[in-house]
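The structure appears right after this line, and notes come after that.
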Amino acid sequence: MVADGWEVAGRRFTSRLIVGTGKYRSFEQNAAAVEASGAEIVTVAVRRVNISDPNQPLLTDFIDPKRYTYLPNTAGCFTAEEAIRTLRLAREAGGWDLVKLEVLGEARTLYPDMRETLRATETLAREGFLPMVYCVDDPIAAKQLEEAGAVAIMPLGAPIGSGLGIQNRVTIRLIVEGAGVPVLVDAGVGTASDASVAMELGCDGVLMNTAIAEAKDPVMMARAMKLAVESGRLAYLAGRMGQRRYADPSSPLAGMI
Amino acid sequence: MIQDGTLSIRVNGEHRRVRTGMTIAELALELGLEPTKVAVERNLEIVPRSTLSDVAIEDGDDFEIVTFVGGG
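As given, the protein sequences belong to chains D and Y, one line each in that order.
Using numbering that gives the first Met the number 0, the first residue of the first sequence is number 0, and each one after it goes up by one.
Using numbering that gives the first Met the number 0, the first residue of the second sequence is number 0, and each one after it goes up by one.
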């Protein structure tokens with residue numbers, strides 16, 4: 000089989016699974032889960048340093064930014080300005096311009112505010128950032144983001160941290176069919192089959208955090224997700240059989256005794 | 000401004016006094032931070048890491064110093 004991989008903003012990756020680094024019980028567990036997931040990209044948040052206790056361990060001590068591509072996010076930002084400010088700091092802290100933009104509309108659903116998201120995407124692209132953008136599962140919004148300079152479209156499958164799985168396969172598929180940049184389902188995956196569904200719909204990848212971090216055994220779930228993404232991708236490439244409403248026997252009808 | 004050779008600044012929302020003439024790199028070290036692992040914003044403007052040891056702190060400066068933490 001030809002080596003499968005994908006490309007975002009000219010960077011090539013083999014793993015189609017991007018994992019978050021939040022909600023883990025310890026840095027050690029987090030690092031072990033990332034390893035088991037096979038992910039090459041990890042999302043990270045940007046926060047104030049702890050001045051009262053500067054000797055606390057850092058994420059970078061456990062998950063090496065030289066080995067993994069850090070994808071800084073704008074989690075917790077509710078306006079374009081907050082998100083842009085956060086990513087300017089992230090670029091300075093990390094020295095790279097591939098970022099995850101998310102501008103949230105309300106705390107209860109963490110649903111994206113698309114007006115602010117679009118505005119932030121335009122500004123970031125103008126400033127030389129390469130924004131991968133968390134968005135609603137709306138094919139028109141996805142096109143607008145792409146026109147504004149998004150290097151990847153990342154529609155939610157369900158609300159962040161909900162684990163409900165992909166709620167609208169039709170819109171995810173419409174986004175995939177219309178996009179000229181990679182499409183990754185970001186948010187809503189709860190278990191391995193959800194990740195496979197995303198890949199079977201033709202997505203380029205899946206981004207998840209809680210599904211792994213809140214599993215009883217996060218390291219085992221990370222491996223499950225790795226395999227689920229790979230099998231979903233293979234099933235998509237293989238081309239699934241057509242669906243019928245009634246049975247079609249697999250054994251020959253001729254030669255019956 | 001208090002005339003005792005110190006400057007009044009804010010770091011991550013907290014008030015602090017530092018000696019006159021101190022640079023941002025010196026402030027980071029005083030706070031126990033590794034300058035290569037953080038990003039500094041001064042009065043809403045990014046201070047490029049390469050210039051942290053050149054920029055002298057001024058009275059009233061408002062700093063945000065951030066780093067990467069776990070997130071989704």
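Glycine included, each C-beta is placed from N, C-alpha and C at the ideal position.
Values in this document were obtained by computation on a predicted structure and should not be read as measured data.
Outcome for residue 49(Y) when other beta-carbon atoms lying within 10 angstroms are tallied against a minimum of 16: exposed
Residues sharing a beta bridge with residue 259(D), DSSP: This structure gives no information on residue 259(D), because the portion of chain D shown stretches from 0 to 256.
Buried versus exposed, by CB contacts within 10 Å (16 or more), residue 92(D): buried
Beta carbon proximity, residue 11(Y) to chain D, threshold 8 angstroms: yes
Neighbour list for residue 40(Y) in chain D, Cβ cutoff strictly below 9 angstroms: 84, 87, 88, 91
Limits of the alpha helix (DSSP H) - the one that residue 27(D) falls within: 26 to 36
Chain Y contact for residue 43(D) (CB, 8 angstroms cutoff): yes
Simplified DSSP state of residue 7(Y), which is helix, strand or coil: strand
The beta strand (DSSP E) enclosing residue 97(D), as first and last residue numbers: 97 to 100
Residues of its chain near residue 113(D), where Cβ-Cβ distance is below 7 angstroms and the 5 sequence neighbours each way are ignored: 134, 135, 140
Same chain, Cβ closer than 8 angstroms to residue 60(Y), neighbours up to 5 away in sequence not counted: 6, 8, 9, 41, 42
Contacting positions in the segment 49 to 62 of chain D - beta carbon closer than 8 angstroms to chain Y: 50, 53, 54, 57, 58, 59
Within chain D, the residues that residue 72(Y) reaches when beta carbons sit closer than 9 angstroms: Absent from the model: residue 72(Y). The displayed extent of chain Y is 0 to 71, so no value can be given.
Neighbour list for residue 65(Y) in chain D, Cβ cutoff strictly below 7 angstroms: 45, 46, 47, 48, 88, 92
Residue 67(Y) versus residue 174(D) - alpha carbon distance: 31 angstroms
Burial state of residue 245(D) (16 or more Cβ within 10 Å): exposed
Meets three-Cβ-pair contact criterion under 8 angstroms: the segment 30 to 38 of chain D and the segment 77 to 86 of chain D: no
8 angstroms Cβ shell around residue 46(Y) - same chain, five flanking residues per side excluded: 23, 39, 40, 54
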